[in-house]
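See below for the structure under consideration.
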Amino acid sequence: MSDDAPTADDRWAELLADANAIAAEYDEDGWEPIVLEPASVSPSEAEERFGLDVGIDQETFERVEDRVADSATTFGDAEVYYLPVDEDDTTRDDSRRFALAVERDADNSVAVFVPVTYTLPEAKPVFETALLEEELLIHVRAIDADETDPWVTFSHDDPSLFLSESDVQSWEFSPRE
Numbered sequence: 549m550s551d552d553a554p555t556a557d558d559r560w561a562e563l564l565a566d567a568n569a570i571a572a573e574y575d576e577d578g579w580e581p582i583v584l585e586p587a588s589v590s591p592s593e594a595e596e597r598f599g600l601d602v603g604i605d606q607e608t609f610e611r612v613e614d615r616v617a618d619s620a621t622t623f624g625d626a627e628v629y630y631l632p633v634d635e636d637d638t639t640r641d642d643s644r645r646f647a648l649a650v651e652r653d654a655d656n657s658v659a660v661f662v663p664v665t666y667t668l669p670e671a672k673p674v675f676e677t678a679l680l681e682e683e684l685l686i687h688v689r690a691i692d693a694d695e696t697d698p699w700v701t702f703s704h705d706d707p708s709l710f711l712s713e714s715d716v717q718s719w720e721f722s723p724r725e
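Mapping to the working numbering: the sequence shown position 154 is 702, numbers consecutive.
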């Protein structure tokens with residue numbers, strides 16, 4: 549893993565390229581696309597920030613924070629692009645997952661592109677709880693932020709979009725205490 553990416557896996561670069569290509573389509577359609585390039589993505593079981601924790605550069609974070617703080621901006625829906633695992637490819641980490649969440653404010657034509665990656669063993673507790681509670685939270689923060697600094701949270705009411713069916717077939721679900 550490099551200092552400026554959550555993984556050295558070439559699928560991460562592919563996901564970022566896809567995010568930029570989709571953002572260009574949004575731009576052509578008159579939207580304001582904001583593409584995040586996370587330096588870190590990790591599952592968080594902390595009560596105040598349960599979900600996926602995404603660290604980005606300060607400048608991009610401030611841009612997202614400004615849009616979220618604007619009372620006219622409401623991110624009411626999202627699109628999720630999930631990169632399925634190629635089960636025939638034995639050269640890659642088959643536990644690593646990749647997804648792109650496009651957080652959309654259709655009224656103001658603003659879209660925030662949030663690429664995420666995670667390994668199933670590390671993220672399993674987060675996704676089990678998210679599936680039970682029907683909500684996956686993605687917390688975006690500046691990479692150098694302190695725990696007390698602000699972050700932006702996007703909510704997804706269908707966490708299954710971030711997994712394949714085969715990912716959860718053997719899981720036993722128990723609610724978070």
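Glycine included, each C-beta is placed from N, C-alpha and C at the ideal position.
Nonlocal neighbours in the same chain, by C-beta distance under 6 Å from residue i, ignoring five residues either side
i: residue 679; result: 707
Whether residue i touches residue j by CB criterion (7 Å)
i: residue 581; j: residue 571; result: yes
i: residue 623; j: residue 655; result: no
i: residue 651; j: residue 660; result: yes
i: residue 719; j: residue 676; result: yes
i: residue 658; j: residue 615; result: yes
i: residue 729; j: residue 685; result: The question about residue 729 has no answer here: the residues shown for the chain are numbered 549 through 725.
i: residue 649; j: residue 630; result: no
i: residue 712; j: residue 632; result: yes
Strand pairing of residue i, partner residues [DSSP]
i: residue 602; result: 589 and 688
i: residue 581; result: 659
i: residue 627; result: 650
i: residue 703; result: 685
Buried or exposed by the 16-neighbour rule on C-beta atoms within 10 Å, applied to residue i
i: residue 596; result: exposed
i: residue 601; result: buried
i: residue 555; result: buried
i: residue 626; result: buried
i: residue 603; result: buried
i: residue 546; result: For the chain, the structure presents residues 549 to 725; residue 546 sits outside this window and is missing.
i: residue 591; result: buried
i: residue 533; result: Nothing can be reported for residue 533, as the shown portion of the chain is limited to 549 through 725.
i: residue 671; result: buried
Own chain, CB closer than 7 Å to residue i, minus 5 neighbours either side, in chain order
i: residue 717; result: none
i: residue 612; result: 582, 660, 688 and 700
i: residue 593; result: 673 and 674
i: residue 549; result: In this prediction, residue 549 has a pLDDT of 37, which is less than 50 and means its spatial position is unreliable; what the coordinates show is noted afterwards. Contacts found: 555 and 556.
i: residue 606; result: 690 and 692
i: residue 620; result: 656
i: residue 575; result: 581
i: residue 668; result: 643, 645 and 715
i: residue 578; result: 657
i: residue 568; result: 583
Cutoff 8 Å; reference residue i; Cβ partners in own chain excluding five residues on either side
i: residue 608; result: 582, 584 and 585
i: residue 635; result: 642
i: residue 560; result: 553, 554, 646, 663 and 665
Q: Please specify which runs of the beta strand (DSSP E), each continuous and at least 3 residues long, are wholly inside the region 644 to 685, giving them in chain order.
A: 644 to 653 and 658 to 667
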